[in-house]
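In this text, residue positions in the sequence shown follow the working numbering: the first is 2, and each later residue adds one.
Working notes for the structure below.
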Amino acid sequence: MSLPPATVPADLPLAPRVAPRVARLEGPPLRLLIVEGNTIDARRAVEASGGTVACVLYEQVLLALAPAGSTCATICPGDPDGDTLPAGLDWAQIDGVASTGSALSVYWDRPEVHRQIAFHARVFDSGRPAFGSCWALQVAAVVAGGTVAANPRGREVGLARKVTLTEAGRAHPLHDGRPPAFDAVAIHGDEVTRPPAGMTCLSGNAVSPVQAADIRHGNGMFWGVQYHPEFSLRDIGPLCRRYREQLIADGLAADTAAVARHAEVLETLGADPGRRDLAWRLGIDHDVLDDARRLTEIRNWLVHQVLPA
Numbered sequence: 002m003s004l005p006p007a008t009v010p011a012d013l014p015l016a017p018r019v020a021p022r023v024a025r026l027e028g029p030p031l032r033l034l035i036v037e038g039n040t041i042d043a044r045r046a047v048e049a050s051g052g053t054v055a056c057v058l059y060e061q062v063l064l065a066l067a068p069a070g071s072t073c074a075t076i077c078p079g080d081p082d083g084d085t086l087p088a089g090l091d092w093a094q095i096d097g098v099a100s101t102g103s104a105l106s107v108y109w110d111r112p113e114v115h116r117q118i119a120f121h122a123r124v125f126d127s128g129r130p131a132f133g134s135c136w137a138l139q140v141a142a143v144v145a146g147g148t149v150a151a152n153p154r155g156r157e158v159g160l161a162r163k164v165t166l167t168e169a170g171r172a173h174p175l176h177d178g179r180p181p182a183f184d185a186v187a188i189h190g191d192e193v194t195r196p197p198a199g200m201t202c203l204s205g206n207a208v209s210p211v212q213a214a215d216i217r218h219g220n221g222m223f224w225g226v227q228y229h230p231e232f233s234l235r236d237i238g239p240l241c242r243r244y245r246e247q248l249i250a251d252g253l254a255a256d257t258a259a260v261a262r263h264a265e266v267l268e269t270l271g272a273d274p275g276r277r278d279l280a281w282r283l284g285i286d287h288d289v290l291d292d293a294r295r296l297t298e299i300r301n302w303l304v305h306q307v308l309p310a
C-alpha cells in the first residue's frame, strides 16, 4: 500500500530550489515519513529569513535519492495535536522515518519538547528504520537514556571541520564512502553529553565528540548525525542571518554587516559550486560542494537500512 501523495502542512509552501545533483537509487518505491522538529512559529521564522523549512529540505533530498515513485508524508509533533500519523497511515505502511533538526533544545521543559520526545519513543517502538540530523540525534539519545546539554565549547556554525571516524565508524555502513576525516555543513549549540547504553559513537571532532551515532533502543535502530547533510551552503546563509545576534555575542562575527557578508558568500558558492575563488576563501572542498558526497549518510541509510527492510 502506498503513502498518500507527498505532503507538507499547509503553512509550508515549497520554495523554488535546484534539486540535488545525485544519482537515484534502484529498487521498489519507498514510503517515507518525515518528522519536522520545529514548531509552526519557528517554521515561519525560517521562511521570513529567506530559508527553506527543514522538512521541505528533507523531502527534496529523499525524493532525489530514493527510487522512482517513492513518496513522503510529513508530521509536526512539536505542534499541538501534531503528533498523530496522517489519516489512513499506520506504522506498517512506513518504510523509513527521517527526522529534521530544530531550534528547540531537548532539555527545555516545554510541551513542544515533551511531545517530540514521546513521538520519537513511538518511532523506536515501531521498529521502523530511522535517521535524523542534529536535534533528532539528541532526541534519540535522550529517549534511549542519554543526556544532552549546551556545548561548553560554543556553537558550531557553518561547517563542522575535521569530522573524524572512530574505529567503529570506519567499519559502519553509515559512513561508507567517507574518508577518515571530512567537513560537513553544521549549525548547533547542544551536544550529547552522556551516551545511552545502546549508542555507538561513529565520528566526532574537536567541537563535538559525538558527530554521528548508531543508537539501538527497544524495537528500533536510529542512525544519526550532529551535522546537517541535508543542508547545502544555500541553506546555512539564511540561518546565519537569522541568528546574527547570537553569532556576534559568541564572538563569531564582529557585527551584523560581517554576518551579512559571510551569508552572501555562502549562498553564492552554494548556488555556484564552481566558484573556486569563493571555495578557496572559505576553505571549502568537495565534501560540501559535491551533492553526492554531502548526502553520503542519507544515501547510506536508504541503501543499508530502508531498502533491505
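All residues carry an ideal CB built from backbone N, CA and C; glycine is no exception.
To which residues does DSSP link residue i through a beta bridge?
i: Ser100; result: Val36, Gly133
i: Arg217; result: Met222
i: Thr85; result: Bridge partners of Thr85: none, in fact.
i: Thr148; result: Arg195
Please determine, among the options, the residue with the shortest C-alpha to C-alpha distance to residue i.
i: Gln247; options: Arg156, Ala99, Ala65; result: Arg156
i: Pro197; options: Arg217, Gly275, Pro68, Leu203; result: Arg217
i: Asn152; options: Asp126, Ser106, Ile118; result: Ser106
i: Arg262; options: Arg162, Asp273, Arg179, Leu283; result: Leu283
i: Phe232; options: Ala272, Lys163, Ala43; result: Ala272
i: Asp292; options: Gly51, Leu203, Leu270; result: Leu270
i: Ala93; options: Arg123, Cys77, Trp109, Gly133; result: Arg123
i: Arg162; options: Ala264, Tyr108, Pro181; result: Pro181
i: Pro30; options: Glu48, Leu63, Arg45, Ser50; result: Leu63
i: Ala169; options: Asp215, Ala137, Trp136, Arg154; result: Asp215
i: Pro274; options: Leu253, Arg195, Arg243, Leu290; result: Leu290
i: Ala46; options: Val57, Arg243, Arg22; result: Arg243
i: Gly83; options: Gly38, Ala258, Ser50; result: Gly38
i: Met222; options: Glu113, Pro87, Asp126; result: Asp126
Using a beta-carbon distance below 8 Å, is residue i in contact with chain B?
i: Pro239; result: The question asks about chain B, but that chain is absent: this structure has only one protein chain.
Using 8 Å as the threshold, is the C-beta distance between residue i and residue j below it?
i: Arg101; j: Val36; result: Looking at the sequence itself, residue 101 is Thr, so the reference to Arg does not match. A contact, by the Cβ cut-off of 8 Å.
i: Ala20; j: Ala65; result: yes
i: Asp80; j: Phe183; result: no
i: Val193; j: Val211; result: yes
i: Gly28; j: Leu296; result: no
i: Asp96; j: Ala255; result: no
i: Pro239; j: Ile299; result: no
i: Val186; j: Tyr228; result: yes
i: Val140; j: His121; result: yes
i: Asn206; j: Thr167; result: no
i: Val226; j: Leu26; result: no
i: Thr75; j: Glu60; result: yes
i: Leu33; j: Cys73; result: yes
i: Ile118; j: Val98; result: no
i: Ile237; j: Gly159; result: yes
Would you give the residue range spanned by the beta strand (DSSP E) that residue i belongs to?
i: Cys77; result: Cys77 -> no beta strand (DSSP E), and no H or E assigned at all.
i: Leu64; result: Careful: Leu64 lies outside any beta strand (DSSP E), inside the alpha helix (DSSP H) at 55-66.
i: Ser204; result: 200-205
i: His189; result: 182-189
Apply the 10 Å Cβ neighbour rule to residue i and answer buried if 16 or more other Cβ atoms are within range, or exposed otherwise.
i: Trp224; result: buried
i: Gly89; result: exposed
i: Gly147; result: buried
i: Asn314; result: What is shown of the chain runs 2 to 310, which leaves residue 314 out entirely.
i: Leu15; result: Confidence at Leu15 is low in this model, with a pLDDT of 35, below 50, so the placement of that residue is unreliable and no value is reported for it.
i: Arg111; result: exposed
i: Arg294; result: buried
i: His173; result: buried
i: Trp302; result: buried
i: Arg277; result: exposed
i: His176; result: buried
i: Asp191; result: buried
i: Gly70; result: exposed
i: Thr53; result: buried
i: Leu4; result: Low confidence applies here, because Leu4 scores a pLDDT of 34, under 50, leaving its location unreliable and the question unanswered by this model.
i: His115; result: exposed
i: Pro130; result: buried
i: Gly199; result: buried
i: Asp251; result: exposed
i: Ala213; result: buried
i: Arg44; result: buried
i: Ala281; result: Just to set this straight, residue 281 is Trp in the shown sequence, not Ala. So Trp281 counts as exposed.
i: Ala49; result: exposed
i: Ala24; result: exposed
Following the continuous alpha helix (DSSP H) through residue i, name the residue where it begins and the one where it ends.
i: Gly271; result: 257-272
i: Arg245; result: 245-250
i: Asp278; result: 277-283
i: Leu160; result: Note, Leu160: premise wrong, no alpha helix (DSSP H); beta strand (DSSP E) at 157-166.
i: Arg45; result: 41-49
i: His287; result: 287-290
i: His115; result: 112-127
i: Glu298; result: 297-302
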